[in-house]
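Top line first, the protein sequences correspond to chains A and B.
Residues in the first sequence are numbered consecutively from 1223, following my numbering.
Residues in the second sequence are numbered consecutively from 1223, following my numbering.
These notes concern the structure reproduced below.
2 protein chains.
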Amino acid sequence: MTPWLDAAQQRDWRALVEGAGLLLARVDKHLRDTHGLTLAEYEILVHLSEGHLHMSELATQVSHSRARVTQTVDRLVRAGLVSRAPCPQDRRGVHAALTDPGRARLEAAARDHVLEVRRLVVDVLAPDELTAVGSALAKVRAAAQDT
Amino acid sequence: MTPWLDAAQQRDWRALVEGAGLLLARVDKHLRDTHGLTLAEYEILVHLSEGHLHMSELATQVSHSRARVTQTVDRLVRAGLVSRAPCPQDRRGVHAALTDPGRARLEAAARDHVLEVRRLVVDVLAPDELTAVGSALAKVRAAAQDT
DNA sequence: CGGCGCTCGTTGACATCGCAACTACATCGG
DNA sequence: CCGATGTAGTTGCGATGTCAACGAGCGCCG
């Protein structure tokens, strides 16, 4: 049994690694330049905009380690964009929520961010291509998640 | 004109960012654990396996900054997997090539790497899904490249 | 020739990330 | 009620990445 990939698979996998890597790097840099936010910070803000969360929930939602979420939230708290509060139900837990300045900052950043995403992704792909990419990577994520 | 994304686009974009991020992290960790190689190092080795290259060419091929390539190649040279040589034609340039141990190491790593890629991507997607993802991200890469 | 601007590759300072170890709290089983 | 085990979050340290600035060499144009 030869576990190799054929030529087409190799080409597609290479495109995925290098394309995705470059894309994430570009989007991250764009967010830094225009609003002084890391992509990781931005993602956290987005998820918090849909309601307050515990650190662990946040970690699984953005697919980052808990340690990383701690550090990222630290920065956001120092910047006044997020608030921490101990959770009454479970005294180990920490409640993270968006502050008003945080929401304002997110909304401002989102405008430019969306433009960049359009430029690099949405406008480059046919609508059904984007759908295909989305559903495919959702599957990949699920597979990687429970491993 | 509202530059917003609709719900489906947002879902797909989110899946792309989080799925791709998690995937790259998993593959990187797997390479480290099994062969002590970074994904960045591995990619460089792969490109060098197809012929010696100048640092700049290497940088554009893997879509990394030149500074990053310098550091990555540094490590590979220290590990004895890659050789450097000044280029006679252009005395600014540096010739990077795979050593014999480098090729051996790459081949060993590739076996396990491919297994992991199968597990996380190839086996999870239908063949035409993988093709779609590959061609879509190739387009995205091209768009991000010349920006 | 001589200067100007470009590319090549590297370096050092700084930011970010992963990992392992740790404290505090919860929860389960006797 | 108590000890064992598990989970939440944080911390420190090492590895890796970014960015700006640099020295060196190329090449064009007067």
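All residues carry an ideal CB built from backbone N, CA and C; glycine is no exception.
Discussion item. Let me check understanding here. Comparing Cα to Cα, which of Val1355(B), Asp1350(B), Glu1351(B) and Leu1337(B) lies closest to Val1249(B)?
Written reply: Leu1337(B)
Discussion item. Any C-beta of chain B within less than 7 Å: which residues of the region 1280 to 1295 of chain A qualify?
Written reply: Val1284 and Ser1285
Worksheet item: Where does Ala1441(B) sit, in a helix, a strand or coil, going by DSSP?
Response: What is shown of chain B runs 1223 to 1369, which leaves residue 1441(B) out entirely.
Item to complete: Specify the secondary structure class of His1286(B) as computed by DSSP and reduced to three states.
Response: coil
Worksheet item: Start and end of the beta strand (DSSP E) containing Leu1342(B)?
Response: Element bounds for Leu1342(B): n/a, residue is neither H nor E.
Discussion item. Assuming contact is defined by CB atoms lying nearer than 7 Å, are Val1299(B) and Arg1288(B) in contact in what I supplied?
Written reply: no
Item to complete: Assuming Leu1347(B) and Lys1361(A) form a contact by the criterion Cβ under 8 Å, report the distance between their Cβ atoms to the nearest whole angstrom.
Response: 6 Å
Worksheet item: Which residue comes first and which comes last in the beta strand (DSSP E) that contains Leu1320(B)?
Response: Val1316 to Leu1320
Item to complete: Compare the C-alpha of Arg1327(A) against each of Thr1294(A), Asp1228(A), Ala1237(A) and Tyr1264(A) and name the closest.
Response: Tyr1264(A)
Item to complete: With distances taken Cα to Cα, identify the nearest neighbour of Leu1238(A) among Val1355(B), Asp1368(B), Arg1313(B) and Thr1369(B).
Response: Val1355(B)
Practice prompt. Can you tell me which of the three DSSP states Leu1267(B) falls into?
Written response: helix
Worksheet item: Per DSSP, Leu1275(B) forms a beta bridge with which residues?
Response: Ala1318(B)
Discussion item. Using a Cβ-Cβ distance cut-off of 7 Å, determine whether Glu1351(B) contacts chain A.
Written reply: yes
Practice prompt. Below 6 Å CB to CB, which residues in the same chain sit around Ile1266(B) once its five sequence neighbours on both sides are set aside?
Written response: Thr1294
Worksheet item: Would you call the region 1267 to 1280 of chain B and the region 1310 to 1321 of chain B touching, i.e. three or more CB-CB distances under 8 Å?
Response: yes
Worksheet item: Between Leu1261(B) and Leu1253(B), is the Cβ-Cβ spacing less than 7 Å?
Response: yes
Item to complete: State the CB to CB distance for the pair Val1291(A) and Leu1227(B), rounded to an integer number of angstroms; the pair is presumed to be in contact (CB under 8 Å).
Response: Not a contact, Cβ separation roughly 25 Å.
Fill in: Distance cut-off 6 Å: Glu1272(B) Cβ against heavy atoms of the ligand GDP
Among the ligands in the structure shown, none appear at all, so the ligand GDP cannot be discussed.
Worksheet item: Which residues of chain B have a Cβ atom closer than 7 Å to the Cβ of Asp1234(A), listed in chain order?
Response: Leu1352, Thr1353, Val1355 and Gly1356
Worksheet item: Along the region 1235 to 1251 of chain A, what residues have a CB closer than 9 Å to any CB found in chain B?
Response: Trp1235, Arg1236, Ala1237, Leu1238, Val1239, Glu1240, Gly1241, Ala1242, Gly1243, Leu1244, Leu1245, Leu1246, Ala1247, Arg1248 and Val1249
Worksheet item: Nearest CA to the CA of Gln1231(B): which residue from Arg1297(A), Leu1352(A) and Ala1365(A)?
Response: Leu1352(A)
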